[in-house]
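What follows is one structure encoded as structure tokens, with my remarks underneath.
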Amino acid sequence: MHREVVQIVKSYEDAINQNRIIGSICEDCETISVPPRAVCKKCWSDKIDFTTVEPQGKLITWTVIHIAPPTYVDKAPYILGIVELLNGERLTGLLRLPEGVEPEFDMEVEAAFEESLEGAQRLRWIPYHK
Amino acid sequence: MHREVVQIVKSYEDAINQNRIIGSICEDCETISVPPRAVCKKCWSDKIDFTTVEPQGKLITWTVIHIAPPTYVDKAPYILGIVELLNGERLTGLLRLPEGVEPEFDMEVEAAFEESLEGAQRLRWIPYHK
Amino acid sequence: MREVGIVGVGMTKFGVLGRVTSRELATTAAREAMEMANIKREDVDAIYNGILSPDIFEHQMHSAPGIPDYLGLNNIPSTRVEAACASGGLAVMQGIISVASGLYDTVVATGSEKMTNLPTSHVTEALAMCADDVYEVSLGITFPGAFAMVARAHERKYGTNAEMRAAVAVKNHKHGLHNPLAQFQKEITIEKAMNSLMIADPLTLYDCSPITDGAAAVVIVPWEKAKKMDGPKMKVSSFAQASDTMSLHDRPDITGFKTTQVAARKAFERANLKVTDIDFVEVHDCFTIAELVALEDIGFFEKGKAGSATLAGDTTRGGYIPVNISGGLKSKGHPIGATGVSQVVEVFKQLNGMAGQRQLKDVNYGMTQNLGGSGSTIVCHIFERGD
Amino acid sequence: MREVGIVGVGMTKFGVLGRVTSRELATTAAREAMEMANIKREDVDAIYNGILSPDIFEHQMHSAPGIPDYLGLNNIPSTRVEAACASGGLAVMQGIISVASGLYDTVVATGSEKMTNLPTSHVTEALAMCADDVYEVSLGITFPGAFAMVARAHERKYGTNAEMRAAVAVKNHKHGLHNPLAQFQKEITIEKAMNSLMIADPLTLYDCSPITDGAAAVVIVPWEKAKKMDGPKMKVSSFAQASDTMSLHDRPDITGFKTTQVAARKAFERANLKVTDIDFVEVHDCFTIAELVALEDIGFFEKGKAGSATLAGDTTRGGYIPVNISGGLKSKGHPIGATGVSQVVEVFKQLNGMAGQRQLKDVNYGMTQNLGGSGSTIVCHIFERGD
Ligand SMILES: [Zn+2]
Ligand SMILES: [Zn+2]
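Protein chains in written order, with numbering that gives the first Met the number 0: chain G, 0 to 129; chain L, 0 to 129; chain R, 0 to 386; chain V, 0 to 386.
This is how it looks when you write it as structure tokens:
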């Protein structure tokens with residue numbers, strides 16, 4: 000009867016620290032969720048496992064943040080967007096674009112991982128190099 | 000119909016900055032409240048004025064705080080108590096006792112005001128000197 | 000559930016109010032509301048307080064008991080609710096539920112916030128904390144940023160552009176001219192709005208509501224009791240609340256808020272009303288795009304049509320549906336916890352002919368929509384004339 | 000109001016739980032409660048969450064919508080309430096009101112807190128923020144300090160001494176031995192308790208509850224529905240909430256909490272019960288003195304008599320009134336928002352014979368008392384067997 004706490008956030012952060020993006024995969028209906036979830040968003044099963052997902056996607060919306068919180072003031076202006084992964088799941092992330100490259104709808108991007116940081120905030124998106 | 004905001008806390012802090020303790024006095028029933036109140040605690044009248052009260056009283060309870068919040072860590076251990084003023088009203092405050100003097104029930108104290116600080120936190124209680 | 004009514008409202012000036020606590024502000028608004036309702040103070044059974052974060056803004060938790068304390072109302076229940084920028088609407092709703100249940104006969108619902116103690120970047124951070132800390136905030140999201148992403152998605156799909164958004168700001172500033180309690184009483188132009196400081200591209204300063212101190216309050220009683228009272232009143236036709244994912248990216252469609260759609264539909268169903276029955280509405284224009292999206296999600300306009308309708312004047316006084324006659328968050332100001340309550344205050348004043356220079360004519364039904372986070376909480380209310 | 004019952008409970012391990020969010024904890028407890036209740040997930044109408052400060056502890060506001068989000072329950076209302084250390088009890092109470100009103104048929108009330116991310120001095124500060132910022136916190140008050148002042152006043156008036164307080168700690172640690180979800184399963188002695196580190200004179204380390212992570216949840220339904228369900232259940236006999244001044248110094252008598260007296264009296268009146276009808280109680284022993292004062296204020300003992308009664312064993316299993324059989328906050332741990340809910344969880348387990356090694360015999364009525372701030376909020380519940 001008693002449930003152990005499943006540390007989903009920790010699993011995600013640990014994976015990011017290993018330069019991987021993970022999702023949860025439902026053992027009952029195979030639905031993948033990114034970020035991972037303890038309960039399947041489709042069938043509510045809690046039989047979930049983790050799976051590493053392709054770190055590529057396209058940009059579906061974005062903003063350039065000029066007025067930032069204290070911890071991000073030094074980085075402003077910075078580009079924040081929502082990336083739709085190849086499997087259709089979505090993540091919010093920072094875009095790091097080469098000088099002169101502007102964000103655009105459906106721009107293909109891939110994940111990069113900031114070296115100096117820890118956990119979820121390491122994730123960056125850069126233009127996809129085929 | 001529209002009510003202006005009465006800045007009671009500011010009035011109290013301003014008074015402390017002038018080395019005075021004030022209370023509110025009800026114009027209807029003359030009840031004095033320390034700290035001051037916008038609404039009389041006895042008759043609910045909102046016709047109140049400020050009055051400076053005698054900065055003396057007796058110690059009705061106290062503690063010696065050993066584990067303190069970050070801003071007070073340097074001061075620990077420190078004595079915090081509740082002082083009953085001559086008019087029966089009560090205030091929480093820090094006790095500053097000479098070396099070798101221990102707090103005791105009904106100890107007579109008077110207000111002192113810390114020079115380097117601002118507002119309500121300037122208030123200190125020291126043994127009463129007749 | 001019993002039918003419920005509102006019989007008094009109060010609201011402080013909204014603005015930059017100096018050294019004053021949210022508790023003093025809430026107390027002031029509550030006293031005004033209780034005076035208008037002409038209720039005996041000992042009749043107040045309970046208080047609800049909507050407030051975002053006295054923790055961060057004022058180094059004070061446990062704000063609710065402080066209100067009956069300052070009112071001299073000893074020992075009555077006082078409950079804080081928090082739902083980001085929807086905290087105020089939710090406090091009103093919980094107050095309504097508690098009276099509708101039969102538990103209490105007279106409840107004062109208050110909303111309050113004291114924000115201007117902190118510098119802007121710290122306020123930006125505090126508000127951002129209403130988004131998902133792990134998947135959004137740690138990456139530097141801000142609330143203007145979240146709504147900017149909504150605006151860009153909406154623009155792509157429906158062509159809702161900067162001029163349409165600016166038209167919301169211009170209209171709400173114009174409405175706010177006639178609200179003496181609003182933070183701003185000044186007209187702006189489309190050009191000025193479009194060329195103002197960039198906050199989170201494509202949203203500029205004039206797309207954003209300001210940082211504000213203030214409080215509002217309402218007195219809630221059973222409708223049977225309200226009917227016997229002489230003063231101004233309105234009936235609660237219905238209310239509804241909905242939630243959605245914390246992270247914007249977890250929703251299939253970000254050109255609207257499903258929470259507004261769900262809450263508004265429930266509110267209409269419970270009141271047995273249609274959107275065309277509503278005479279005016281106060282929506283949550285924390286950002287200009289939020290007003291447009293709200294109007295579409297409630298159903299005043301088809302998806303994608305609110306921008307051009309606003310440009311055409313359909314949402315102003317005398318238009319198809321007057322929106323944010325109070326000035327909205329944009330001009331009235333946005334003291335977070337107070338906002339949802341102040342929307343109810345405006346509906347009350349309009350339905351009782353107490354809105355002074357901004358009074359609408361022949362209004363029978365008014366609606367409010369209060370939003371928290373990036374739409375993760377929505378609270379809607381519908382009210383009707385009490386006479 | 001409709002009669003209301005509880006039909007399922009859940010609780011995580013209480014302790015130092017590492018990298019996990021309060022949202023994950025609340026979700027886990029909610030799933031366990033829903034499973035025990037054997038309700039269909041789509042039947043959940045709303046969620047309430049009691050939590051002190053995800054703001055300060057986790058850089059996260061607007062915690063409530065995150066729970067249905069993680070549960071996959073789309074768009075249902077989710078409301079955060081905060082009343083310092085009484086947040087959990089208040090979430091249960093608001094959930095009960097919402098079901099009693101007829102608005103909702105199935106509500107999950109959760110309480111949660113993730114505290115151990117911060118160093119002790121920062122936790123001390125966060126908790127102190129539940130006192131009055133202007134008149135107490137700015138002067139360096141802490142919660143151990145506030146209760147130390149109560150303890151000293153109580154000792155002066157009634158002679159309640161360090162040994163009597165230590166007896167509370169010894170007794171609750173002994174009770175906690177048999178609670179596998181408690182933070183501590185270890186016996187202590189009077190000597191060890193009295194000679195432990197001084198925190199706020201006269202309160203030592205063993206007079207204080209620990210810093211804890213954890214969550215708890217209950218499922219609330221109308222009693223008519225509960226009666227038709229097969230699983231464990233209990234009926235809500237009554238509930239009551241009271242408030243008092245924020246500052247301790249503003250109260251005429253600080254050897255007790257008038258809020259407990261008022262809330263307990265109301266709870267007894269509403270349930271038509273007397274204190275002698277109660278078979279066991281979970282009281283808010285954030286500090287040992289708080290348990291003694293609670294027992295006197297509720298009326299289990301005359302004022303000033305709880306200390307000697309505790310020394311005599313009257314509050315242990317098999318005593319006159321078993322108090323904090325769960326281990327209490329002292330041994331079970333005190334994850335602020337979860338505490339009040341976990342008290343209800345314990346009563347449920349006892350009334351349904353699910354308490355394992357700590358099961359009491361022949362119990363029909365259980366009571367909870369949950370305290371916030373220096374007693375500025377109190378929430379009491381009384382429950383009865385459902386069979
Ligand atoms: Zn599945
Ligand atoms: Zn008076």
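For glycine and all other residues, C-beta sits at the position ideal for the given N, C-alpha and C.
Query                                                                                                                                                                         : Result
Specify which residues have a beta carbon nearer than 6 Å to any heavy atom of ligand 1, listing them in chain order.                                                         : C25/G, D27/G, C28/G, T30/G, C39/G, K41/G, C42/G, S44/G
Flag Y69/R as yes if its beta-carbon sits less than 8 Å from any beta-carbon of chain L, otherwise no.                                                                        : yes
Check the Cβ-Cβ distances between N37/V and every residue of chain R, and say whether any is below 8 Å.                                                                       : no
To be precise: take each residue of the region 47-72 of chain L, compare its Cβ to all Cβ atoms of chain V, and keep it if any distance is under 8 Å. Which residues remain?  : I59, T60, W61, T62, V63, I64, H65, I66, A67, P68, P69, T70, Y71, V72
Kindly provide the ranges of any alpha helix (DSSP H) runs that are 4 or more residues long and lie completely inside the region 146-209 of chain R, ordered along the chain. : 161-175, 189-193
Within a Cβ cutoff of 7 Å, which residues of the same chain sit near V362/V, ignoring the five residues on either side of it in sequence?                                     : D278, F279, Q349, L350
Give a yes or no on whether 8 Å exceeds the smallest Cβ distance from G440/V to chain G.                                                                                      : Since the first residue of chain V shown is 0 and the last is 386, residue 440/V is not available in this structure.
Should G317/R be labelled buried (16 or more other beta-carbon atoms within 10 Å of its own) or exposed?                                                                      : exposed
Check each candidate in A337/R, R384/R, T367/R, G355/R and name the one with the smallest Cα separation from M10/R.                                                           : A337/R
Pull up the distance between the alpha-carbon of K12/R and that of Q184/R, whole angstroms please.                                                                            : 12 Å
So, does the CB of Q6/L fall closer than 8 Å to a CB anywhere in chain C?                                                                                                     : Protein chains in the displayed structure are G, L, R and V, and chain C is not among them.
Return no unless some Cβ of chain G is closer than 8 Å to the Cβ of E57/V.                                                                                                    : no
Relative to the alpha-carbon of N77/V, which residue among A85/V, Q260/V, A90/V, C84/V has its alpha-carbon at the smallest distance?                                         : Here residue 77/V is Ser; the residue named in the question, Asn, does not match the sequence. Among A85/V, Q260/V, A90/V, C84/V, the Cα nearest to that of S77/V is on A90/V.
Does any CB atom of chain R fall closer than 8 Å to the CB of K74/G?                                                                                                          : yes
Can you have a look at C42/G and say buried or exposed, based on whether 16 or more other CB atoms are within 10 angstroms of its CB?                                         : exposed
By Cβ distance, which residues of its chain are closer than 7 Å to A199/V, with the 5 residues on each side in sequence left out?                                             : T141, P143, G144, A147
Using a C-beta to C-beta distance shorter than 8 Å, which residues of chain R count as neighbours of L96/G?                                                                   : None at all; the shortest Cβ gap to chain R is about 14 Å.
Give the C-beta separation of A168/R and Y205/R to the nearest angstrom, bearing in mind that I take them to be a contact with Cβ-Cβ under 8 Å.                               : 5 Å
Taking Cβ positions only, does T211/R come closer than 8 Å to chain V?                                                                                                        : no
Between which two residues does the beta strand (DSSP E) holding N86/L run?                                                                                                   : Run containing N86/L: none; DSSP gives neither H nor E here.
Please classify L93/G: does DSSP put it in a helix, a strand, or coil?                                                                                                        : strand
For K113/V and chain R, any beta-carbon pair shorter than 8 Å?                                                                                                                : no
So, does the CB of T91/L fall closer than 8 Å to a CB anywhere in chain V?                                                                                                    : yes
Using a Cβ-Cβ cutoff of less than 8 Å, which residues in the same chain neighbour Q356/R once the five nearest sequence positions on both sides are dropped?                  : H177
Using the C-alpha atoms, what's the distance from A241/V back to D68/R?                                                                                                       : 12 Å
With DSSP as the reference, please indicate the residues paired to P126/G in a beta bridge.                                                                                   : V108/G
Where DSSP assigns a beta bridge to T81/R, which residues make up the other side?                                                                                             : One point to set straight first is that residue 81/R is Glu, not Thr, in the sequence displayed. According to DSSP, E81/R bridges with R79/V.
Evaluate contact between the region 104-120 of chain V and the region 71-83 of chain G, counting only Cβ atoms and requiring at least three cross-stretch pairs below 8 Å.    : no
Look at the alpha carbon of G374/R and the alpha carbon of Q59/R, and state the distance between them as a whole number of angstroms.                                         : 26 Å
Taking only beta-carbon positions, decide if R419/R is within less than 8 Å of chain L.                                                                                       : Absent from the structure is residue 419/R, since the part of chain R shown begins at 0 and ends at 386.
Mind listing the chain R neighbours of D45/L? Cutoff is C-beta to C-beta under 8 Å, in chain order.                                                                           : R30
Hey, does A24/R have any beta-carbon neighbour from chain L nearer than 8 Å?                                                                                                  : The question names Ala, yet the displayed sequence has Leu at residue 24/R. So yes, L24/R belongs to the interface.
Which residues share a DSSP beta bridge with R384/R?                                                                                                                          : M233/R
If you draw a straight line from the C-alpha of L24/V to the C-alpha of I7/G, how long is it?                                                                                 : 11 Å
For the pair the region 132-141 of chain R and the region 37-47 of chain R, tell me if three or more CB-CB distances fall below 8 Å.                                          : no
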